[in-house]
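Data first, discussion second: the structure below is written as structure tokens.
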Amino acid sequence: MAVWEGKKYKLEKSENFDEYMKELGVGMVLRKMGNNVSPTVELKKDGDNYSFTTASTLKTITINFKLGEEFDEETLDGRKLKSVFTLDGNKLVQEQKGDKPSTIIREFTDSELVTTLTLNDVKSDPADDPKR
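Going by numbering that gives the first Met the number 0, the sequence shown opens with residue 0, and the numbers climb by one from there.
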């Protein structure tokens, strides 16, 4: 059983997320909302099918996918793009393809989920937090 199975993870902190959203072109109002929510995420597996749910007070979105298969995605900020997920041990890697290609790496442990978002030279990564 994978460490993430049967678990929900709540956002406790983020570093440089506002800069990441600016680089994506997200407007100030959506950035303020995005910086003030603490979503809960859950990854589930059913055979070859996965679902990744992000739930917050503003919106809940579920992404359904199969590893290695490209699919159409609409992001929380309304962008429409292509994505593909791969799983490397306990790291779920998402490559978003479109006008602004982005990589999202989600590393699961028994007690936490560390998410690193990268777009161009901008990285949102709690590992950059000296308190971590």
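By construction, the Cβ of each residue, glycine as well, lies at the ideal position given by its N, Cα and C atoms.
- Around the beta carbon of valine 28, fewer than 16 other beta carbons sit within 10 angstroms, so the residue counts as exposed.
- Cβ contact annotation for leucine 86 (same chain, cutoff 6 Å, sequence separation greater than five): Leu66, in chain order.
- Contact check for serine 55 against proline 38 passes: the beta carbons are separated by less than 7 Å.
- Here DSSP, grouped into helix, strand and coil, assigns asparagine 119 to coil.
- For the 7 Å CB-CB criterion, serine 123 and asparagine 34 do not form a contact.
- Separation of the CB atoms of leucine 91 and arginine 105 is rounded to 4 Å, and the pair is thereby assigned contact status at 8 Å.
- Annotated three-state conformation of valine 28 is helix, per DSSP.
- Under DSSP, tyrosine 8 shares a beta bridge with Val40.
- As the crow flies, the alpha-carbon of valine 83 is around 15 Å from that of threonine 61.
- Assignment of lysine 58 by DSSP, reduced to helix, strand and coil, places it in the coil class.
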